[in-house]
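Protein chains in written order, with this note's numbering: chain A, 7 to 513; chain P, 42 to 521; chain B, 261 to 473; chain L, 35 to 336.
We treat Cβ as the ideally placed atom computed from N, Cα and C, and that holds for glycine.
Only a predicted model underlies this, so the values are computations on that prediction, with no experimental measurement involved.
Structure first, then comments.
Next up, the structure:
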């Protein structure tokens, strides 16, 4: 049985699951079996399975159905199956107990729809059908991200997401139509043989890049990820970013490439050496940011008494999927060779020259070193745990330099934490600062807040948006309700048409 | 002779309904006539008459390509009309039902007219027949809207009459008889006097463009659509605009036969792009969701004009888009009507959180907005994709970019308004008001059916329709 | 024959200019009525064969344009207790100047248009154009609903005048349809004007600006 | 078998000798100040004492508090194993291992910072903030130095690329790496390990709440890190590879000793600079390394 048929079977299961959203357990069973089938399909395609293609006489939107499953889509199917399967488990708690039943059901429906549409994008080989599935994915993802749409922030974030994805879709429409104009059909088959279509891929880059959150097309990312339920964000980032390898290993491969070019003293190193340094700097900055976010959110004492009393730990169903995904990352990091084997068939689809690429020896060594270091970490952690268990019984307040009555609000804030690094970039970022300095002998109130404007949304887009809104306001004032002017517009329209005719005749 | 039934049955029924003494049973005339009309037009669609009835009037390929959508649209409106009028017992529905039926008959006549003068008479008559529907609410606002509709629309229609006469004079000066039958005008071809021809085109384009609602002649539209009941908006936006568009297509064919295709293309493209731009700008500004629908209609008329400027493939796509636009827009007007009735007003200040008050209508409304903004897999997506494709094939890259940019702006405007109507929290006053208008299946069904039709039309366009559009294109682009 | 036609059309063009200068609604209504009657009689001058149907049409046109519509407008005017359009958007003097310039331009433009020999010496084309322009000017420049209806009537008179060029080629059925439509349009407008008067207690269209963005 | 032996010897050397270095620094400072100072092996005594002590935990911490030091210690050790000890060479070496070296140091930093932030203390938060911020610059300098070495030698593993150079590139590189060493190990002028004012500290303030064996792990890790950087500097500058056997070992140990003495001298004669000047110093280090890179590029290209 080929992977393609299994994938179609998986799609069918997902579709059936949409019909069963009324019964959570049945839905979960159907959905998970669908995800498992999807996983099987992806693995079959990644294994030495042949390329699977299926053309049907059935026309949807005037274009015959054409499905195709190659190793690359297989790889993405595997990732999709993992991420989408973990989500409902994580969410089953959130969608059954805390939220109203209607929200839970909507969540199940749109989750299934999202997975269905994404798999369809991966399977379809006709531009028209890809567009349909892609937009279906955008709408379902929007609905998923705005499940809690009672909150204004959620709605605003959702709208931004929808607007950005609409822009992406329009770019894709332009891309696929141009393709259709050049090759004569929406089918992607002929495209693979046309290298002169390369310039069009900029449009595709805009289209897919918007959804993947590439700079500067990332405007929707921060607010949507912040406002959507966590598993939805995971699906969004996991599906449309689709990191081919995990964290360090992938970065290591990139950096190694840069480094080797520098060592070989190739001319390209003039670019790659600075790139490597820039990569390091950005890596260090990312570390600082990550530490900041995590520490402020999770570490230390809770600042707010309310949070302490209302928030509670999730049960195993919420934690297990997270652990599974984290385990996956660790596995890829420590067994890069296996991951490499998995990737190579997919890479062959991207570029036939890369066929049969053996994992480099460095990767093998790196894998061993990573395993050894991980083992050492586990060992020392165990020792440390043993020490703490045997001798760490005493508990005390955190050291506060003699302050008699420390409160949780005295912890370092995120703004202060980042202030050193951001101060170096003030000239570039231009942060907005708001102060309320403490005054008097017994100051009641003091405040310091720093906010950095988002470069695309709040800077680059400000001008064009103001222009469009200005034009819109101008047009709006023209519709002022006086019929006399309306007839004048009619006459002006006549004059304009006459002018166009005269110009055309004169040419 | 069967095709005359399309005109005579509604007209006779209009008279009968006007004389019918019983308020409660009168709306059923609508459904009866609609069913007969749909049956007739679908029969004629599948088995068209071998030749048009006469050179004056007949079920020719263009009528075959467009008239069935009017029938279907009217059926949707009729199904909605019965429960709607039952809610509006406080007003007599005598004039309303009669003028709706009369409008159907006159629209059929306009689609089947093969004589420019006859076409004008039918179009003007449709305009007048829709007046009683427009001020059905009889509020000062409705009266104001009607006044503007009459004044602006009337001026436009008057200009199109002048244009028709100019076309006649072009024929007269070119050695013809001044005959206004399209067939003879096209046969005269390049003999038509060029200056008169161009004057006629400018006047007819602006005149019928006013009726279609192309910018900057669209000003009556938001007022009329905003104040009329949803069902009337559906009929105007889906049916009457189609009549004007068909008129422009027929006139355009005459100009093309006279060798002026470049002029028609350029002007249609100009007005089309201007309309989409103006509509997009207004959609960003308006604060009333029924006026929003009017601007969306302006946008789609612009798209139609752009498509009509593009030669045979473009006109084919335009006919496809007419179907999609009619069905989708009608569904949207009907669901918006439900929301508007429950909210008591159409402004964003009042209507908010309607998904909690009228959940089904609100869901239909949102889906309809998605459909009308060309989100797949609804019909408008496919026709607009086709139009973009033809645009690119004709090498108009900048126009395509402009169109796509306007589509984006329009999408932003439409979703902004729709979401703020549908989501959020409804005020207590709205909740109280809405209790008087429960959502019944009879009020949900028709828009749902129309939306379903749009979906089906896009995904599985019947081959009979494809061939009907093809034949209409062949009719319009036959060169003598 | 041509002289008679030219005389009528010339009179109508003169009436256009008078209509642009008058601020009193009764005289505006009267001017439009006279113009309508004048043009209504024209088929009698142009038709070689004046059958009973033509007579019937002429009679209908004259009755409606000369008496019925003016009656409707006067009634609305009295109900609203107004007889002046005192605050035009385009003043009387500018209106007159624009109207006169338009008439001149219409003459010049018509002279350059290709016309059949039998129409070359008549004032039909420039007269039609001037009337259309006047009508539009009244529609754009006046604030009272009645003035605007009069503007619409003048516009229609212009189109009617142009239609006379095609009097031999347009079938009578269609012509009758067109006339019927135009008349019905005026009736409907008259009814709406009447309702506006009742609903707003005024015929000032500046009060009709509730519907706006 | 010899590889295993090699690894064992290296491990013992690193783990055993590392605590000596802070002692040497302290002794140099004391001598310059005219005192006798603590014994050279003071850190060994401290470590032994701490290892026997109990642990006091803050009430707000989670397991990250005691996992952090353990992970950091392993990471530093792993990084140290990548640096060659003459004449034995590095324990682990493969093309591209310098990237692993940098990332392991970053991991160690991450673990320490995480553990510090567990306490929720404002002091430790400040320290952590300084640590991660300055690390941006010092890592840039370090990577630039490594890239310079890489360009110069044409190799991508630490062992192969640490071929000493003479001339301008060598001087620039030595100066840059020495500054990075001072910064990474929180020595004067970047940080003062001996001060008692928490507000002015970087590294020391982050470990205020750690006690007993946890603190011992941290202190030992810091010593290993110092050792590791010293070794890196020595290998990058001294031509020890050209010597053989015991001579190489002697030269290498001499180099390490002199770098340690140099640290002590710097600490004796300089004061801790203000925080505002730290970025300036680090940028200087980066520029020194960058110039070294340019020179190396130029020479390699010629």
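Nearest to residue i by alpha carbon, out of the options?
i	options	result
residue 10(A)	497(A), 47(A) and 509(A)	47(A)
residue 286(B)	311(B), 321(B), 410(B) and 360(B)	410(B)
residue 496(A)	58(P), 147(P), 431(P) and 253(P)	253(P)
residue 250(P)	100(P), 454(P), 173(P) and 164(P)	164(P)
residue 467(P)	392(P), 87(P) and 180(P)	392(P)
residue 305(B)	462(B), 427(B), 450(B) and 289(B)	427(B)
residue 401(P)	436(P), 448(P) and 377(P)	377(P)
residue 227(A)	388(A), 171(A), 186(A) and 61(A)	171(A)
residue 81(A)	148(A), 158(A), 49(A) and 29(A)	49(A)
residue 408(P)	46(P), 463(P) and 42(P)	463(P)
residue 439(A)	427(A), 457(A) and 432(A)	457(A)
residue 381(P)	502(P), 482(P) and 270(P)	270(P)
residue 198(L)	128(L), 273(L), 179(L) and 130(L)	273(L)
With C-beta atoms as the reference, is residue i less than 8 Å away from residue j?
i	j	result
residue 465(P)	residue 430(B)	no
residue 153(L)	residue 404(A)	yes
residue 156(P)	residue 97(P)	yes
residue 142(L)	residue 110(L)	yes
What's the C-alpha gap between residue i and residue j?
i	j	result
residue 212(L)	residue 71(L)	25 Å
residue 252(A)	residue 137(A)	In this prediction, residue 252(A) has a pLDDT of 40, which is less than 50 and means its spatial position is unreliable; what the coordinates show is noted afterwards. Cα to Cα, residue 252(A) sits roughly 29 Å from residue 137(A).
residue 298(P)	residue 235(P)	12 Å
residue 237(L)	residue 312(L)	14 Å
residue 430(A)	residue 294(A)	14 Å
residue 84(P)	residue 126(A)	38 Å
residue 216(P)	residue 290(B)	41 Å
residue 175(P)	residue 449(P)	31 Å
residue 280(L)	residue 289(L)	14 Å
residue 460(A)	residue 112(P)	52 Å
residue 454(A)	residue 219(L)	32 Å
residue 405(B)	residue 453(B)	7 Å
residue 190(L)	residue 300(A)	34 Å
residue 494(A)	residue 201(P)	16 Å
residue 227(B)	residue 322(B)	Residue 227(B) falls outside the range modelled here, since chain B spans only 261 to 473, and no answer is possible.
residue 193(L)	residue 117(L)	7 Å
Under the rule that 16 or more other beta-carbon atoms within 10 Å means buried, what is residue i, buried or exposed?
i	result
residue 439(P)	exposed
residue 504(P)	exposed
residue 306(L)	buried
residue 519(P)	exposed
residue 383(A)	buried
residue 387(B)	buried
residue 322(L)	buried
Legend entry - Start-end ranges of the alpha helix (DSSP H) lying completely within the segment 49–93 of chain L, minimum 4 residues: 54–66 and 76–86
Legend entry - alpha helix (DSSP H) segments (min. 4 residues) lying fully within the segment 319–377 of chain B: 329–339 and 352–372
Inset, instruction - Please specify which runs of the beta strand (DSSP E), each continuous and at least 3 residues long, are wholly inside the segment 180–239 of chain L, giving them in chain order. - result: none
Legend entry - Contiguous alpha helix (DSSP H) assignments of at least 4 residues, all confined to the segment 332–411 of chain P: 352–384 and 395–398
Legend entry - Segments of 4+ residues assigned as alpha helix (DSSP H) that fall wholly inside the segment 445–476 of chain P: 469–475
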